[in-house]
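In the working numbering, the protein residues as written are 1440 to 1627. C-beta atoms are modelled at their ideal positions from N, C-alpha and C, and glycine is treated no differently. All figures in this text were calculated on a predicted structure; none of them were measured in a lab. Working notes, structure below.
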Amino acid sequence: MLRIYLDTSIWCRPFDAQTQKRVIEETEAFFKTLRKVDTGNVIIIGSKILSEEIEAMEEVEKKELVQKLMEMTISEWIDSVPEFYKDIMKTAELKLPDSAHLACAIDGGAKYFITVDDEILKKCLVLSTLQKNSEDHANRSRCEGCGKGLRSGQEGAVLRGICKVFELYRAKNWRRRQRDKTFPGYSW
């Protein structure tokens, strides 16, 4: 099964104003990804930082809708933020919440970390097209980071992944993580 971590920006996308083409396409791609959960082909991983960021949202209705959607689709939770988020923060020059999301994704064994956060994307220099249309195999592209083939439909709905930093960090720190299997959580 394919293990995927979706950051906060992705979970909120369906509840953002659907006035821009990019937002509409990202929302469609998000729901296509979630439909893969029903087929048993995808496991969605959630985390402490994800739930805390959603809980901190000021828009009550949006927060409740996102929480319900997460409850229906997240099948595994990372209960604490791994300490190596600090290494990611320094190496990838990401802000604390973003590095915490990435650390949780790595700790949860996610194959893909998916975001629509432009700041993360600019830092990581990777734009990937993912799952616009699972039936459309005609258009193929490769992730600049991991080299894996990704599918896209002609409309080009875009979910952006940061595979490059994800894969580099995982490879660089695998041995260290094997020595220290416990990662104390960070209290936000």
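As assigned by DSSP and simplified to three states, the class of residue i
{"i": "F1552", "result": "strand"}
{"i": "E1522", "result": "coil"}
{"i": "E1494", "result": "helix"}
{"i": "L1533", "result": "coil"}
{"i": "A1539", "result": "helix"}
{"i": "D1557", "result": "helix"}
{"i": "Q1459", "result": "coil"}
With 16 other Cβ atoms within 10 Å as the buried cut-off, status of residue i
{"i": "R1461", "result": "exposed"}
{"i": "E1606", "result": "Note on E1606: pLDDT 43, under 50, position unreliable in the model; no value is reported."}
{"i": "F1523", "result": "buried"}
{"i": "S1456", "result": "Sequence inspection shows Ala at residue 1456; the Ser mentioned does not correspond to that position. Its Cβ having fewer than 16 others within 10 Å, A1456 is exposed."}
{"i": "E1532", "result": "exposed"}
{"i": "D1546", "result": "buried"}
{"i": "T1458", "result": "exposed"}
{"i": "S1514", "result": "exposed"}
{"i": "E1558", "result": "exposed"}
Contact set for residue i: own chain, Cβ-Cβ below 7 angstroms, skip 5 residues either direction
{"i": "V1499", "result": "none"}
{"i": "W1516", "result": "G1485 and S1486"}
{"i": "S1448", "result": "T1554, V1555 and D1556"}
Neighbourhood of residue i by C-beta, 6 angstroms cutoff - its chain only, sequence neighbours within 5 removed
{"i": "G1548", "result": "R1442"}
{"i": "Q1593", "result": "Residue confidence for Q1593 is low, a pLDDT of 25 falling below 50, so the modelled location carries little weight and cannot support an answer."}
{"i": "D1537", "result": "I1559"}
Residues that DSSP places opposite residue i in a beta bridge
{"i": "I1545", "result": "Partner(s): none; I1545 has no beta bridge."}
{"i": "L1515", "result": "Per the sequence shown, residue 1515 should be read as Glu rather than Leu. Answer by DSSP bridge pairing, in chain order: I1484."}
{"i": "I1443", "result": "I1483 and Y1551"}
Residues of its chain near residue i, where Cβ-Cβ distance is below 8 angstroms and the 5 sequence neighbours each way are ignored
{"i": "G1479", "result": "M1440"}
{"i": "L1535", "result": "Y1524 and M1528"}
> Can you list the beta strand (DSSP E) stretches of 3 or more residues lying completely in the segment 1463-1492, in chain order?
Replying inline: 1481-1486
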